[in-house]
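Below: one structure, written as C-alpha cells.
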Amino acid sequence: KLWLKDFLPASLSKPARVMLFAYNSSPAIGASAIKLDDHAKQLLHWLNLRREGVPQRPIVFICHSLGGLVVKQVTKLDTSYTPIIEATCLLVFFSTPHQGGKYASVGEVVAKIATAALRNPNNDLLDALKLKSNEATRRFEQARHLFERCLVVSFFEAESYHKTDIIVDKNSATLNLPGSREKQVAIDANHSAICKF
C-alpha cells in the first residue's frame with residue numbers, strides 16, 4: 016500500500032484529494048532527457064487540468080529528492096499558473112538536494128557516457144545536483160517567494176546508502192529559512208527509503 020493514497024487521507028481532519036505526479040528522473044537516458052523546466056511545465060499543466068472549478072483549493076506538495084527540484088522550478092514559469100502557486104500552503108521535502116549532493120559527480124560521469132552515445136545531452140539537472148552549485152543557488156533564489164508564503168517541512172536522511180555515505184545530507188536537504196517557517200526532521204532511513212512508511 017502507498018501511504019500517500021491509502022493512509023494519509025483518512026488521517027486528516029478534512030477531506031483531501033491525493034494526486035500523484037510521476038516523471039522520469041533519469042537525466043540522461045535517451046528521449047527521457049527532459050529539462051527541469053519541462054517537468055515543471057508538465058506538472059503545472061497536469062495540476063491545472065485537475066483543478067478546474069476549484070482554483071482556490073489549498074495545495075500541499077510532498078516531494079522526494081528530485082521531485083522537490085521540479086516543484087521549486089514551477090515558481091519561475093508562466094504567470095497563468097499563479098493561482099497554483101498562490102494556493103500552495105505547505106511544502107514537504109524528503110531528501111531534496113536544495114544545495115546539491117555529494118554524488119552528482121558520479122552520476123555526471125554515467126550521464127556523459129550515455130548522452131555521448133545517445134547524442135541528447137541534458138546538463139541542467141546535473142548542474143542543479145552538484146554540491147553548492149551556482150545552479151542550485153539560483154533555483155533557491157527563484158523559489159524564495161514561495162518559501163516565504165507557506166510552511167516548509169524538510170526531512171533529511173540519517174542513514175548511509177548501501178555502505179557509501181548519506182546521499183543528501185542535512186546541509187543540502189534543508190533550506191534554513193528564518194523563524195519558524197521551516198521544520199527540519201531527521202529520519203532513520205537512507206535516501207531511497209526516507210519516504211517509505
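Each residue of the sequence shown is one higher than the one before, starting from 16 at the first, in our numbering. Heads up, the beta-carbon is just placed ideally off N, CA and C, and yes, glycines get one too. All values derive from a computational prediction rather than experimental measurement.
Residue i (DSSP reduced to helix, strand or coil)
i	result
Thr103	strand
Ala201	strand
Ser207	coil
Val33	coil
Phe221	Residue 221 is absent from the structure shown; the chain starts at 16 and stops at 212.
Leu192	coil
Leu17	coil
Ser169	strand
Thr179	coil
Lys50	coil
Lys127	Its pLDDT being 39, under 50, Lys127 is placed unreliably by the model, and nothing is read from it.
Gly68	coil
Gln114	coil
Tyr38	coil
Glu174	coil
Phe22	coil
C-beta contact flag for residue i and residue j at 7 Å
i	j	result
Gln88	Leu59	no
Cys165	His79	no
Phe109	Phe22	no
Leu192	His113	no
Ser175	Ile181	yes
Val75	Leu27	no
Val85	Ala55	yes
Leu62	Ile99	yes
Glu172	His206	yes
Pro73	Ala31	no
Thr90	Leu35	no
Val200	Val107	no
One or two residues paired with residue i in a DSSP bridge
i	result
Ser28	For Ser28, which the question treats as bridged, DSSP gives no partner whatsoever.
Val89	Val89 pairs with nothing; no bridge assigned.
Ile77	Val107
Integer-rounded CB distance, given that residue j should sit under 8 Å from residue i
i	j	result
Gly68	Thr111	Wrong, their Cβ atoms sit about 31 Å apart, outside the cutoff.
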